[in-house]
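Note that the sequence shown covers residues 1 to 147 in full-length UniProt numbering. All residues carry an ideal CB built from backbone N, CA and C; glycine is no exception.
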Amino acid sequence: MADISVYVRVSTRVCMYVSVCVYVRVFVQITVSAVWNVLSVVVVVVVVVVVVVVVVVVAAAAAAAAAAVAVVVVVVVVVVVIVAVAAAAAAAAAAAAAAAAVVVVVVVVVVVVVVVVVVAAGVRWYILVQTLVESNLLLIPGRSECN
């Protein structure tokens with residue numbers, strides 16, 4: 001009888017130890033997964049911010065050039081941004097699908113707003129330059145209206 005009670009006490013302690021180990025292991029797995037998800041989202045956000053900054057800088061430089069060149073540059077940059085965002089979203093989707101979807105929606109909205117602003121600025125710049133040229137207030141080298 002004493003042997004059975006010792007066995008029950010030892011097996012109960014082993015079960016408690018194993019249960020605690022399982023809980024600790026599950027907690028560590030959940031914590032690592034959550035940290036990985038957050039880091040994935042942070043990487044996507046950093047990539048998106050860098051891409052948006054590049055788009056704004058390139059768009060500002062393109063607005064100073066001719067309107068046609070600006071539109072081509074903006075289209076190329078937008079395509080690169082969309083591909084980069086899609087790649088980043090695809091990489092993060094496995095780790096945090098919901099967070100990545102929100103980031104993609106925000107990035108698409110920001111890209112659309114930036115493209116609209118840049119195209120509008122380019123069109124205004126083009127109209128201004130054409131108006132100045134047509135009214136002979138802006139002289140372009142190699143082009144003479146006086147002859």
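Residues Val107 of the same chain have their beta carbon placed closer than 6 Å to that of Val48, with the five preceding and five following residues left out of the count. Residue state for Ser40 is assigned as helix, using DSSP reduced to three classes. Take the alpha-carbon of Ser40 and the one of Val119: they are about 32 Å apart. Your pair Val116 and Val81 does not check out as a contact, with CB atoms roughly 14 Å apart and the cut at 8 Å. Only exposed fits Val46, as fewer than 16 other CB atoms lie within 10 angstroms of its CB. Ranked by Cα distance from Val109, the first of Trp36, Val78, Tyr126 and Asn136 is Val78. Secondary structure of Ser135 (DSSP, three-state): coil. Here the C-alpha atom of Gln130 lies approximately 60 Å from the C-alpha atom of Val32.
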